[in-house]
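Notes follow the structure.
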Amino acid sequence: MFCKIANGELKSEILYSDEEVVAFKDINPQAPVHVLVIPRKHISKHSEITQEDQAVIGKMHLVAKKLAEDLGISDGYRLVINCGERAGQTVWHLHMHLLGGREFGWPPG
Ligand code: AMP
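Start counting at 1 in the sequence shown, then tack on 1, and there's your number in my numbering.
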């Protein structure tokens with residue numbers, strides 16, 4: 002499904018896009034800022050990344066940092082990657098949640 006967002010087949014509110022990474026607003030936000038950052042390459046979950054993906058994984062972090070600045074949440078934000086059903090993953094295309102604009106508790110649920 003996120004491949005369709007990346008290639009424009011499925012509509013979404015895209016905040017960032019380049020040849021490797023796309024970022025768009027989460028459809029069901031859990032915080033005032035909730036953005037998903039994905040690689041264009043289809044990787045179904047974090048446990049399937051390989052050495053080959055090193056650059057794109059790094060890029061996802063740089064994009065998240067830039068978006069945090071642009072969206073005014075650099076003073077405190079949370080990055081989350083749910084890997085597998087037990088961790089709450091529901092969409093099978095690797096995605097990093099960028100959450101901010103409120104306080105977050107620890108440990109997470
Ligand atoms: P996860 O539970 O970590 O797999 O996260 C999946 C996230 O994708 C959830 O926060 C959903 O709200 C979000 N989501 C599902 N479909 C869409 C969509 N079409 N556009 C934007 N976000 C979506």
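Beta carbons are placed, not taken as given, at the ideal position from N, Cα and C, and that holds for glycine.
Please read these numbers as outputs of a predicted model, since none were measured by experiment.
### Query
Where P33 and E104 are concerned, what is the direct C-alpha to C-alpha distance, given to the nearest angstrom?
10 Å
### Query
Taking DSSP as the reference, what is the three-state secondary structure of M97?
strand
### Task
Would you mind reading off the limits of the beta strand (DSSP E) that contains L37?
V34 to P40
### Query
Roughly how many angstroms separate the alpha carbons of K5 and G77, rounded to a whole number?
31 Å
### Query
In the DSSP assignment, what are the bridge partners of V22?
P40
### Message
Given this structure, state the Cα-to-Cα distance separating A69 from Q52, to the nearest angstrom.
### Response
27 Å
### Inter-stretch contact (C-beta, 8 Å, three-pair minimum) for the region 84-93 and the region 10-28
no
### Message
Helix, strand or coil for I50? Go by DSSP, reduced to three states.
### Response
coil
### Task
Give the single residue among L99, V81, R41 and L100 whose Cα lies nearest to the Cα of G9.
R41
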